[in-house]
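Residue 0 is where the sequence shown starts when you use numbering that gives the first Met the number 0, and the numbers rise one by one after that.
Glycine residues also receive a C-beta, built at the ideal position from the N, C-alpha and C atoms.
Remember, it's a predicted structure, so these values are computed and weren't measured experimentally.
What follows is a short report on a single structure.
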Amino acid sequence: MDPTTDNAGRSGDPSTARASLEALRAEIAKAVVGQDPAVTGLVVALLCRGHVLLEGVPGVAKTLLVRALASALELDTKRVQFTPDLMPSDVTGSLVYDTRTAQFSFQPGPVFTNLLLADEINRTPPKTQSSLLEAMEERQVTVDGTPRPLPEPFLVAATQNPVEYEGTYPLPEAQLDRFLLKLTIPLPSRQDEIDVLTRHASGFNPRDLRAAGVRPVAGPADLEAARAAVATTAVSPEITAYVVDICRATRESPSLTLGVSPRGATALLATSRAWAWLTGRDYVIPDDVKALALPTLRHRVQLRPEAEMEGVTADSVINAILAHVPVPR
């Protein structure tokens with residue numbers, strides 16, 4: 000590892016932390032082609048102590064993206080394939096009887112990590128889906144009445160396939176609302192796909208990130224320094240009112256049966272502050288709110304069936320609201 004990078008990963012200085020987090024894009028690009036918005040969204044979620052829902056068809060590097068992010072941040076990561084027969088204890092852990100001591104001991108599940116990849120989360124029944132709720136909200140797991148704290152930082156990156164619904168269990172609104180962001184992972188452009196195939200033809204192995212050159216460029220100390228800096232990012236009363244007006248407009252939209260809750264408004268304010276800080280400002284402007292409105296709000300609204308039949312989408316409704324809500328000057 001380069002010495003300056005090593006120092007940057009452990010300095011805890013806000014300006015150095017920003018530079019280190021900006022370097023993540025270039026580092027992850029060594030393994031993942033053309034997914035800068037998703038990388039930025041994951042970093043914003045880490046800065047806000049939130050969680051991310053990744054939606055995309057199979058084969059667009061969702062798993063590779065999370066693994067590359069963990070490697071570039073020196074964080075531990077685990078992957079759970081969610082299936083219909085997965086039990087809550089398979090995620091959280093369970094008590095195991097030790098014949099040597101004649102006592103039960105706790106065996107931690109894969110949720111005890113920094114970045115948990117919940118692959119195809121909508122393929123497991125609601126009981127197992129709900130096992131993540133306490134972990135996501137309280138950052139702890141309670142087994143046999145004993146709460147056990149999760150590592151810090153902790154982020155759940157859950158994936159789901161938007162085109163295949165047979166044998167799936169759609170996430171309830173209460174759980175969707177626990178995800179800070181919903182990021183869509185699109186199919187690559189023609190040139191990006193050519194770059195992917197060229198890399199594979201040259202011997203790229205997605206299971207060996209070290210061979211691909213992915214190295215730690217930031218660490219937990221950078222995240223802590225960045226979070227402290229984000230918390231001091233100024234928000235004017237006008238920006239606060241702008242966020243509220245956008246969220247209230249979703250509750251009045253004729254295309255929606257469910258608008259954004261106050262929790263969603265709080266999330267939009269938090270992600271806007273994180274984005275403002277990442278772009279080098281210590282104050283939030285309306286463009287920050289607009290930039291994060293879609294990923295922060297698209298999963299917190301519910302379309303009316305008749306609007307859905309007419310081809311209306313959550314994104315189109317939110318974009319229309321952004322176009323009509325007065326922007327503060």
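Exposure of residue i, with buried meaning 16 or more beta-carbon neighbours within 10 Å
{"i": "Ala-237", "result": "The displayed chain sequence assigns Glu, not Ala, to residue 237. Looking at its Cβ environment, which holds fewer than 16 other Cβ atoms inside 10 Å, Glu-237 is exposed."}
{"i": "Gly-258", "result": "buried"}
{"i": "Ala-7", "result": "Note that Ala-7 scores a pLDDT of 39, beneath 50, so its modelled location is shaky and nothing firm can be said."}
{"i": "Ile-369", "result": "Past the boundaries of the shown model lies residue 369; the chain is included only from 0 to 328, so the question cannot be answered."}
{"i": "Tyr-343", "result": "With the chain running from 0 to 328 in the structure shown, residue 343 is simply not present."}
{"i": "Gly-310", "result": "exposed"}
{"i": "Leu-186", "result": "exposed"}
{"i": "Asp-1", "result": "With a pLDDT of only 40 at Asp-1, under 50, the local geometry of the prediction cannot be trusted, and no value is derived from it."}
{"i": "Pro-148", "result": "exposed"}
{"i": "Arg-189", "result": "exposed"}
{"i": "Asp-229", "result": "In the sequence under discussion, the amino acid at residue 229 is Val, which differs from the Asp named in the question. When all chains shown are included, Val-229 counts as buried."}
{"i": "Met-135", "result": "buried"}
DSSP beta-bridge partners of residue i
{"i": "Val-259", "result": "Bridge partners of Val-259: none, in fact."}
{"i": "Val-142", "result": "Thr-145"}
{"i": "Lys-289", "result": "Note: Lys-289 sits in no beta bridge, so no partner."}
{"i": "Gly-58", "result": "Paired residues: none, contrary to the question."}
{"i": "Ala-248", "result": "Bridge partners of Ala-248: none, in fact."}
{"i": "Leu-180", "result": "Val-51"}
{"i": "Leu-267", "result": "DSSP lists no partner for Leu-267."}
{"i": "Tyr-282", "result": "Ala-233"}
Beta-carbon spacing of residue i, residue j below 9 angstroms
{"i": "Arg-303", "j": "Pro-253", "result": "yes"}
{"i": "Gly-92", "j": "Phe-105", "result": "yes"}
{"i": "Pro-109", "j": "Val-79", "result": "yes"}
{"i": "Val-213", "j": "Glu-26", "result": "yes"}
{"i": "Ser-142", "j": "Ser-19", "result": "The identity of residue 142 in the sequence shown is Val, whereas the question assumes Ser. Contact: no."}
{"i": "Leu-255", "j": "Ala-306", "result": "yes"}
{"i": "Val-324", "j": "Ala-248", "result": "yes"}
{"i": "Glu-151", "j": "Val-140", "result": "no"}
{"i": "Val-43", "j": "Gly-49", "result": "yes"}
{"i": "Thr-183", "j": "Pro-169", "result": "no"}
{"i": "Arg-177", "j": "Leu-46", "result": "no"}
{"i": "Arg-272", "j": "Val-234", "result": "yes"}
{"i": "Lys-181", "j": "Pro-294", "result": "yes"}
Chain C contact for residue i (CB, 9 angstroms cutoff)
{"i": "Thr-256", "result": "Looking at the structure shown, chain C is missing, and only one protein chain is on hand."}
Does the contact criterion of 3 or more C-beta pairs under 8 angstroms hold for the segment 103-122 versus the segment 51-70? yes
So, does the segment 80-99 touch the segment 28-46, judging by three or more C-beta pairs under 8 angstroms? no
Is the segment 201-220 close to the segment 16-35, with three or more CB pairs under 8 angstroms? yes
Any contact between the segment 214-229 and the segment 65-73? By contact I mean 3 or more CB pairs, one from each, below 8 angstroms. yes
So within the segment 11-82, which uninterrupted alpha helix (DSSP H) runs reach at least 4 residues, ignoring any that extend past its ends? 13-27, 35-46 and 61-71
Can at least three beta-carbon pairs, one atom from the segment 256-274 and one from the segment 286-300, be found at a separation below 8 angstroms? yes
For a minimum of 4 consecutive residues, which ranges assigned as the alpha helix (DSSP H) are wholly contained in the segment 182-219? 189-200
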